[in-house]
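So the structure is just underneath, and the comments pick up after that.
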Amino acid sequence: NLDSWMRPSGKLRSAKIIQWLEPWLSTAEEREIDTELASECLGWAYLLPNLAALLPAAVWSEVYDGLARFADNASQGDCGGPDTDQVLAGELPLVLSYQFPEWEQCRRRGAAARSTLKTGIKELLDGNGLPHCQNLDLVRPLLACWTRSSYLARAAGVSLWGSKTQLQFEWL
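Going left to right, the sequence shown walks through residues 164 to 335 as our numbering numbers them.
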């Protein structure tokens, strides 16, 4: 709950962050991979640059390493449903590559993430921008993931996918 971490001055309180972060770090890798965990990973990934000034280096590195492991493990195989797979193997490494473009491993993850997202659109949509019937309940989470990823790629000045895939995304 980011609002509860804010001081009136608008600065994050490191004690409150650590209070939430330590239990998450100790249990995250043992939890079942689901949309809730994927969303939490994204939240921490988006906060990482701000956390660098607030957390001890060892704690910050532990958070980054954990998020990188989630992204790397997800890219190695199925991590639940297609929506979770797109977030953990696609959007999460894309966020890390956007946040830390100067790190070679993040750039490599970003390239793999773009491929994962492109493949996801091609496999999960029917060619006319419609989801296959078994994925109808995933339209909103997939669209949210692909939209956020599209904005990140645009902000980074990279192409997320080709024109045919972009058309699929627009039709959806």
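Think of the CB as a built atom: it goes at the ideal place given N, C-alpha and C, for glycine as much as any other residue.
Residues near Pro186 in its chain [Cβ-Cβ closer than 6 Å; skip 5 each side]
none
Anticipated Cβ contact below 8 Å, Ser260 with Gly240, distance rounded:
That belief does not hold up - the Cβ atoms of Ser260 and Gly240 are roughly 21 Å apart, past 8 Å.
What are the boundary residues of the alpha helix (DSSP H) that includes Leu299?
DSSP places Leu299 in no alpha helix (DSSP H); its state is neither H nor E.
For Leu288 and Ala252, what's the separation of their Cα atoms in angstroms?
18 Å
Report the option in Leu280, Cys269, Phe332 whose CA atom is closest to the CA atom of Leu293.
Phe332
Cβ neighbour criterion (16 or more within 10 Å) applied to Arg277
The residue is buried, with at least 16 neighbouring Cβ atoms inside 10 Å.
Could you name the residues of the same chain whose beta carbon sits closer than 7 Å to that of Val258, not counting the 5 residues immediately before and after it, in chain order?
Leu205, Ala208, Tyr209, Leu315
For Leu200, name the three-state secondary structure that DSSP assigns.
helix
Is the beta carbon of Val226 closer than 8 Å to that of Leu188?
yes
Residue closest to Ala307, alpha-carbon to alpha-carbon, out of Arg194, Leu299, Asp246:
Asp246
Contiguous alpha helix (DSSP H) assignments of at least 4 residues, all confined to the segment 227 to 289
Correct list: 245 to 248, 255 to 262, 267 to 287.
Could you pull the DSSP bridge partners for Pro294 from this structure?
Note: Pro294 sits in a beta bridge opposite Leu288.
Buried or exposed: where does Pro171 fall if 16 or more other Cβ atoms within 10 Å of its Cβ makes it buried?
Note that Pro171 has pLDDT 47, beneath the 50 cutoff, so the model's placement of it is unreliable and the number below is only indicative. Label assigned to Pro171: exposed.
Could you tell me how far apart the beta carbons of Thr198 and Pro304 are, in whole angstroms, since I believe they sit closer than 8 Å?
7 Å
Would you kindly report the start and end of the unbroken alpha helix (DSSP H) that includes Leu188?
177 to 190
Please determine, among Arg194, Trp266, Leu323, Thr328, the residue with the shortest C-alpha to C-alpha distance to Cys242.
Arg194
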